[in-house]
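First residue of the sequence shown? That's 1 in UniProt numbering, and the numbers climb one at a time after it. For reference, the structure is listed below as structure tokens.
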Amino acid sequence: QRGGVYGTAQQMASCLTNRQVAAWVTPQGPADHRPHFDPAAFVADGGTLYSLSKEGRGTAGPLVTALTVAVVEAAEELAVHSPGGRLTTPLLAVLDEAANVCRWRELPNLYSHYGSRGIVIMTILQSWSQGTDVWGESGMKKLWSAANVKVYGGGVSEAAFLEDLSRIAGDYDRQASSVSYGRGHRTVSQQLHRERILDVADLAAMPKGRALVLASGSRPTLIRTQPWMTGPHAEAVRASIKAHDPQAARTIVDAERELAVVDKTPNPVPAL
1 QRGGVYGTAQ
11 QMASCLTNRQ
21 VAAWVTPQGP
31 ADHRPHFDPA
41 AFVADGGTLY
51 SLSKEGRGTA
61 GPLVTALTVA
71 VVEAAEELAV
81 HSPGGRLTTP
91 LLAVLDEAAN
101 VCRWRELPNL
111 YSHYGSRGIV
121 IMTILQSWSQ
131 GTDVWGESGM
141 KKLWSAANVK
151 VYGGGVSEAA
161 FLEDLSRIAG
171 DYDRQASSVS
181 YGRGHRTVSQ
191 QLHRERILDV
201 ADLAAMPKGR
211 ALVLASGSRP
221 TLIRTQPWMT
231 GPHAEAVRAS
241 IKAHDPQAAR
251 TIVDAERELA
261 VVDKTPNPVP
271 AL
């Protein structure tokens, strides 16, 4: 057991062998006037933090995880001393590519607790199996069950996961007519057939611009997503891309191409 602990610590700290990475978290002497990041002060001020890293060995992924945990734990401490034990202004932690750059082992055990503290965790994964690689099957199930809102955006071909989604989406009764003839008489029979609203093939082939939303206390709903290009902040996003993206023109063209694909998709039914 001790070997496992040391092995995990060694793996997480291996990124510090990269001098460029280590320099970000190591004081460089009296001449280093870079501001010191204080998680407690950051949370109290209600700021916004963008933490980016590539995946794989030698990257700053472990530091991203440590920084994320430090901020969320500071938010929890603030919530404990807030009225009702909750943050007055909720903290939203968007963990995109969580299985690659923010491998927070204890996350499934904390999901429900953080929600009660006004700390909203949004975990974004590419697939169910990607989550099990980090938290195991039981941990991934715990994370899934603790989430109040679950969104499936398509692009997954894992039959077992899609079968579970299909069952959750539910069934509907389809009325079918059959005609039989006998001794000069024509008989029409009406029968009800119970079928899946969305079968595995439907979910695997879900087009771009559609998503299945499972919210606690509500029926599953098939929605049309809103790309940023059609949102209220479209111009601000374009301006930011032009200012900071070295390949801004290509990025915007690709976005417009994706939008054209979404626009060709028929509108979904409002609810299942």
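Every residue, glycine too, gets a C-beta built ideally from N, C-alpha and C.
- Comparing C-alpha distances from phenylalanine 161 to each of Ala70, Asp199, Trp104 and Gly182 shows the shortest one belongs to Asp199.
- Within the same chain, Cβ atoms closer than 6 Å to the Cβ of valine 213 are found at Val151, Thr221 and Ile223, the five residues on either side in sequence being excluded.
- Counting other Cβ atoms within 10 Å of its Cβ, serine 53 reaches 16 or more and is therefore classed as buried.
- The beta carbon of alanine 99 is closer than 7 Å to those of Leu125, Gln130, Gly131, Asp133 and Val134 in its chain, skipping five residues each way along the sequence.
- Proximity of the segment 161-174 to the segment 191-205 meets the contact definition, three or more beta-carbon pairs being nearer than 8 Å.
- At the C-beta level, proline 90 and alanine 146 stay beyond 8 Å of one another.
- Below 8 Å, enough C-beta pairs join the segment 165-177 and the segment 190-199 to call them touching: three or more.
- Residue environment for valine 149: exposed (fewer than 16 other C-beta atoms within 10 angstroms of its C-beta).
- Taking 8 Å as the upper bound for CB-CB distance, alanine 79 and leucine 87 are in contact here, some 5 Å apart.
- Along the segment 18-60, the alpha helix (DSSP H) occurs as fully enclosed runs of 4 or more residues at 19-25 and 39-45, listed in sequence order.
- Within the DSSP bridge table, the entry for aspartate 173 names Arg194 as partners.
- In the three-state DSSP reduction, valine 101 falls in the helix class (H, G or I).
- The segment 121-182 contains, as complete alpha helix (DSSP H) runs of 4+ residues, the segments 128-146 and 159-169 (chain order).
- When beta bridges are read from the DSSP output, valine 188 appears opposite Val179.
- Per DSSP, the beta bridge partners of leucine 92 are Val120.
- By the Cβ-count criterion, tryptophan 104 is buried, with 16 or more other Cβ atoms from all chains shown falling within 10 Å of its own Cβ.
- Rounded to whole angstroms, the gap between the alpha carbons of glycine 217 and isoleucine 168 is 13 Å.
- Rounded to the nearest angstrom, the gap between the Cα atoms of arginine 194 and tyrosine 172 is 6 Å.
- DSSP, read as helix, strand or coil, puts threonine 221 in strand.
- In the DSSP annotation of this structure, the continuous segment of the alpha helix (DSSP H) that includes leucine 259 starts and ends at 248-263.
- With at least 16 other beta carbons inside 10 angstroms of its own, valine 72 counts as buried.
- About 20 Å separates the beta carbons of tryptophan 128 and glutamate 106, which is beyond the 8 Å limit, so they are not a contact pair.
- Only residues of its own chain outside the window of five on either side were considered, and among them Leu78 have a CB closer than 7 Å to the CB of alanine 44, listed in chain order.
- According to the DSSP assignment, alanine 201 belongs to the alpha helix (DSSP H) that extends over 200-204.
- Out of Lys208, Arg219 and Gly184, the CA that lies nearest to the CA of isoleucine 197 is found in Arg219.
- Counting along the chain, no alpha helix (DSSP H) covers arginine 86, and no H or E run does either.
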